[in-house]
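Enquirer:
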Amino acid sequence: MKEKKSIFSFLMDNRHRSRTISYTMVAVAYIALEILLKSGNLSSLFTGLLVPATCYLVAAIGLNLNVGVSGELNLGQAGFMAVGAFSGVCVSGLLKASVPAVPRLILAIIVGMLLTAFVGFLIGIPVLKLQGDYLAIVTLAFGQIVMNLIMNLYVAFDSAGLHVAFVENNFELQPGGKYLINGPMGATGTERIANFTAGTILVVFALVVVYNLIYSRNGRAIMAARDNRIAAESIGINIAKTKMMAFVVSAALAGAAGALYGLNYSTMVASKFDYNTSILILVYVVLGGLGNINGTLISTVVLFLLPQLLRGLQDYRMLIYAVILIVIMLVTNNEFLKTKASAFRRKKKA
Amino acid sequence: MKKFWKTTLAVAMTACMAMSLAACGSGSSGSSSSAPAAEAESGAADGAIKIGGSGPLTGPAAVYGNAVKTAAEMAVEEINAKDGVQFSLQFEDDKHDAEEAATAYGTLKDGGMQISLATVTSAPGAAVSPLYQEDQTFAITPSGSSPSVIYTDGEGMTGAYGNVFQMCFSDPNQGSGSATYIAAHPDLGSKIAVIYKNDDPYSKGIFDTFKAQAATEGLEIVYEGTFKGEESDFNVQLGDAQAAGADLLFLPIYYTPASQILTQADKMGYKPTVFGVDGMDGILGVEGFDTALAEGVYLLTPFVANAEDEQTKTFVENYKARANGEIPNQFAADAYDCVYALAQACEAAGITADMSNADICAAMVEQFTSMTFNGLTGSDMTWNENGEVTKAPKAMIIENGEYVPAAE
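In order, the protein sequence lines correspond to chains A and B.
Quick note: the first sequence uses the numbering used here, first residue 1, plus one each step.
Quick note: the second sequence uses the numbering used here, first residue 1001, plus one each step.
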């Protein structure tokens, strides 16, 4: 009995409470949905929403590390998703004949993640020299640039090998050749190999990475750099290195999310990953609470499902969705309600 | 405490604003689109075959989705007013987005969809076609013109889904059709300049096949200009086209940028012959556009709203009554034809609402590949087993503010 209690208090102490709650939520949600799915009780609408929901979760968890924990406003998360998505689709397309679906999915996600991490590193070098608004503007531009680059990219393969062209697709394909990325038409004819289990594993992976980073020496350094740059530098923290770490991990998670997303649809156009998508993910993070991973999980799921649940309202659904967003913003920032909530919490503890 | 009331006030104001906006919407276009939907759904509950469909009802492409929705509702009501096959329609918003279209597909499936109008636009269509194939639900898209809507390999045009059909011309047909027409009429011009939107699959698709066909026909393309997004300044492209000595301007784009190109070309004193495709349809209705500039513009289109035949006249009249006097575009006409083609096939195959989707699908594929259909967008239409429609594109020329059939 005594031992059990100590495990419980270990899981719920300040260091672990947050992650215990996260993992429990994910596990409960997965088991419940999987039971519904296997017994055929989940509607087609929700079945179709499972994988994209996990993609946005992973991207939002990553962005929270960057915006919430590291304190850098990043408006280019969709750009990183695009890099992951299109590289993942290419890998899957190339290996279609030789590798079965599951290892191909894993490989595509890993390649998407590594490539995006590398791109994130390259972008991070100039970007992290900037602060605040300037950083936001540069990441915003980065997202748009990536989208436009992919729109002009042609990748195809046939018996003669891989062809890559930019702006003009100046290659003639052999019979049986196939476009992986066809400029503005995006990736078409992708085999859909993503599934909910893979998505959930990716969410858990993202949680493990982010929590272990936050509660490590490096995580404390990242937060110290966020709270007071000069004080952090004075005690010997390498600001550039810590910020870069958060930025690259955030980008890598977005890349993995993108790869999963790309492999869930048979067609995908680059314009999907414009600044609207970046802002959407940022909204998930901000409304869930900066630096609060559990808040991100809940707000992403709720805000992602909301427009679909409002379908019954027909023409007014996007209008009502916008109103709900505004109301949440106002209510969660209300001093009166905040004091009430913290008083309630104190009473409960006592 | 003061802050609390401030917030409450703000929330209340937001709600008021939303409600008044919503009321505005229902006063004008809202009533014409949302109320009949409920009617169509409830009015034919017993024995009605459920038709689903999705399109952009919100966002920048909403014009097309709403046109299709209005025309489809109209056709369903007309069909239900007669004896015989009865339909009910459920039409969902997909915001011209692949992800939303897949979600809309789930909603339609939950709603018990038996036959579908697929999607209005191409990119979302390509995303849901495999889903229709998986579930063996018959679908015919009114206006998803890209080959990737009906083929698993869109570029190679191989691996047809087999149960997804098209009512509109496919993009390649329009491109090669235009090149063939221009080659057959050398009086239009000999030096061709093209301005196309290279981030739009529709425009790019037509241009690619136009270029290929132009090469085989021996046409000379002297200039290729591109633009992206919502650009509105075309002076650079027009200047280059003029400098290259082009006397024929091919515009495989939608009418909004086309109207700007015509206006700016006129200001420059550049007067080439202009040739457009079906996206040019609607140019006479652009607000603030001097329609005199569109005189002599050629376009390939399957539907002309001011045609003299009885069928088109009734359609245009009824559509205008529904959509606040808006003149139907070819998207509306294609959707109207889709529903009537479905009705014809259902009658012929004896489809009833209690049949399974797979049975309906098999019967519909058989009907569509064997029947001929006469509609607003063409007569004697036939479909091949890949789902492609065969109908003659009509070349039109704008004279005195009206479409007139051009020389064959």
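Cβ atoms here follow ideal geometry from the backbone N, Cα and C, with glycine treated the same way.
Less than 8 Å between the CB atoms is what I'm expecting for B:P1201 and A:P184, so what's the real figure, rounded?
Expert: That pair is a contact at about 6 Å.
Enquirer: Where does A:F86 fall in DSSP's three states?
Expert: In the structure shown, A:F86 sits in a helix (DSSP, three-state: H, G or I).
Enquirer: Given 8 Å as the limit, is there contact between the stretch 1296-1311 of chain B and the stretch 1128-1135 of chain B, that is, 3 or more CB pairs closer than that?
Expert: Result no; under three Cβ-Cβ pairs closer than 8 Å.
Enquirer: Once you ignore the five residues that flank A:G324 on each side, which residues in its own chain have a CB closer than 7 Å to its CB?
Expert: The identity of residue 324 of chain A in the sequence shown is Ile, whereas the question assumes Gly. Result list for A:I324: L306, in chain order.
Enquirer: Return the residue from the list A:V58, A:E34, A:I35 and A:S44 that minimises the CA-CA distance to A:V208.
Expert: With distances taken between Cα atoms, A:V208 lies closest to A:V58.
Enquirer: Can you give me the C-alpha to C-alpha distance between A:S70 and A:G219, rounded to a whole angstrom?
Expert: So the alpha carbons of these two residues sit roughly 9 Å apart.
Enquirer: At a CB-CB cut-off below 8 Å, which residues of chain A make contact with B:K1443?
Expert: Because chain B is modelled from 1001 through 1408, residue 1443 of chain B falls outside the range shown and cannot be assessed.
Enquirer: Can you check the stretch 1266-1354 of chain B for any beta strand (DSSP E) of at least 3 residues that lies completely inside it and give the ranges in chain order?
Expert: Complete beta strand (DSSP E) runs here, min 3: 1273-1276 and 1298-1301.
Enquirer: Check the Cβ of A:A265 against every Cβ in chain B and list those closer than 8 Å, keeping chain order.
Expert: The sequence given here has Tyr at residue 265 of chain A, not Ala. By Cβ distance, chain B contributes A1098, E1099, A1102 and A1127.
Enquirer: Counting contacts by CB-CB distance shorter than 7 Å, is B:K1069 in contact with chain A?
Expert: So, not an interface residue.
Enquirer: Please check the pair B:T1372 and B:E1385, which I expect to be a contact at CB under 8 Å, by giving their CB distance rounded to whole angstroms.
Expert: With 8 Å as the limit, B:T1372 and B:E1385 do not qualify as a contact, their Cβ atoms being about 15 Å apart.
Enquirer: Are at least three pairs of beta-carbons, each pair with one atom in the stretch 1282-1294 of chain B and one in the stretch 1168-1185 of chain B, less than 8 Å apart?
Expert: Because the criterion of three Cβ pairs below 8 Å is not met, the stretch 1282-1294 of chain B and the stretch 1168-1185 of chain B do not touch.
Enquirer: Under 7 Å Cβ to Cβ from B:A1258, same chain only, skipping five residues before and after it: list those, please.
Expert: Excluding residues within five positions, the ones whose Cβ falls inside 7 Å are L1251, G1276, M1280 and I1283.
Enquirer: Give me the residue from B:D1083, B:S1122 and B:Q1090 with the minimum Cα distance to B:H1096.
Expert: Among B:D1083, B:S1122 and B:Q1090, the Cα nearest to that of B:H1096 is on B:S1122.
Enquirer: How would you list, in chain order, the residues of chain B whose beta-carbon sits under 8 Å from the beta-carbon of A:R412?
Expert: What is shown of chain A runs 1 to 350, which leaves residue 412 of chain A out entirely.
Enquirer: Measure how close the beta-carbons of B:A1193 and B:A1246 come, nearest whole angstrom, since I'm counting them as under 8 Å.
Expert: Sure, about 3 Å apart at Cβ, within 8 Å.
Enquirer: Could you tell me whether the stretch 234-244 of chain A touches the stretch 79-90 of chain A, using the rule of 3 or more Cβ pairs below 8 Å?
Expert: With a cut-off of 8 Å, the stretch 79-90 of chain A and the stretch 234-244 of chain A do not count as touching, because too few Cβ pairs lie within range.
Enquirer: So, A:V83 versus A:T54, is the Cβ gap smaller than 7 Å?
Expert: Going by C-beta atoms, A:V83 is not nearer than 7 Å to A:T54.
Enquirer: Establish whether the CB of B:E1295 and some CB of chain A are separated by less than 7 Å.
Expert: Taking Cβ atoms only, chain A never reaches closer than 7 Å to B:E1295, which makes this a no.
Enquirer: Can you list the residues of chain E that B:S1148 reaches, using a CB-CB cut of under 8 Å?
Expert: Note that chain E does not occur in the displayed structure, where the protein chains are A and B.
Enquirer: Please classify B:G1027 as buried or exposed, where buried requires at least 16 other C-beta atoms within 10 Å of its C-beta.
Expert: Reliability of the predicted coordinates at B:G1027 is poor, the pLDDT of 35 falling under 50, and the value obtained from them is presented with this limitation in mind. Exposed is the call here.
Enquirer: Would you call the stretch 1261-1274 of chain B and the stretch 1328-1341 of chain B touching, i.e. three or more CB-CB distances under 8 Å?
Expert: Because the criterion of three Cβ pairs below 8 Å is not met, the stretch 1261-1274 of chain B and the stretch 1328-1341 of chain B do not touch.
Enquirer: Could you tell me which chain B residues have their CB closer than 8 Å to the CB of A:Y275, listed as they occur along the chain?
Expert: What A:Y275 touches in chain B: nothing, since even the nearest Cβ is about 12 Å away.
Enquirer: In the structure shown, what three-state DSSP assignment does B:F1234 receive?
Expert: In this structure, B:F1234 counts as coil in the three-state DSSP scheme.
Enquirer: State yes or no: is the C-beta of A:V138 nearer than 6 Å to some heavy atom of the ligand NAD?
Expert: Among the components of this structure there are no ligands whatsoever, and the ligand NAD is therefore not found.
Enquirer: Here's the rule: buried if 16 or more other CB atoms are within 10 angstroms of the residue's CB, otherwise exposed. What is B:A1038?
Expert: Unreliable placement is indicated for B:A1038, whose pLDDT of 39 sits below 50; no coordinate value is reported for it.
Enquirer: List the residues of chain B that A:Q308 touches, going by C-beta distances under 7 Å, in chain order.
Expert: Those within 7 Å of A:Q308 in chain B are T1103.
Enquirer: Does DSSP put B:K1191 in a helix, a strand or coil?
Expert: Strand at B:K1191.
Enquirer: Is the beta carbon of A:G124 less than 7 Å from the beta carbon of A:F247?
Expert: Yes.
Enquirer: Could you tell me if A:R19 is buried or exposed, where buried requires 16 or more neighbouring beta carbons within 10 angstroms of its beta carbon?
Expert: A:R19 comes out buried.
Enquirer: Under three-state DSSP, which class holds B:P1172?
Expert: If DSSP states are grouped into helix, strand and coil, B:P1172 belongs with the helices.
Enquirer: Would you kindly work out how many angstroms separate the C-alpha atoms of A:R65 and A:S299, rounded to a whole number?
Expert: The residue you asked about is not Arg; residue 65 of chain A is Leu in the sequence shown. Straight-line Cα distance between these residues: approximately 15 Å.
Enquirer: Thinking C-beta only, is B:S1088 closer than 7 Å to B:A1118?
Expert: No.
Enquirer: What does DSSP give as the partner residues of B:L1251 in its beta bridges?
Expert: B:L1251 pairs with B:G1276.
Enquirer: When Cβ atoms are compared, which residues of the stretch 1073-1092 of chain B fall closer than 8 Å to chain A?
Expert: Within the stretch 1073-1092 of chain B, the residues whose Cβ lies closer than 8 Å to some Cβ of chain A are E1092, listed in chain order.
Enquirer: Using a Cβ-Cβ cut-off of 8 Å (strictly less than) and excluding sequence neighbours within five positions of A:V26, which residues of its own chain qualify?
Expert: Taken in chain order, the residues that qualify are T200, V203, V204, L207 and L297.
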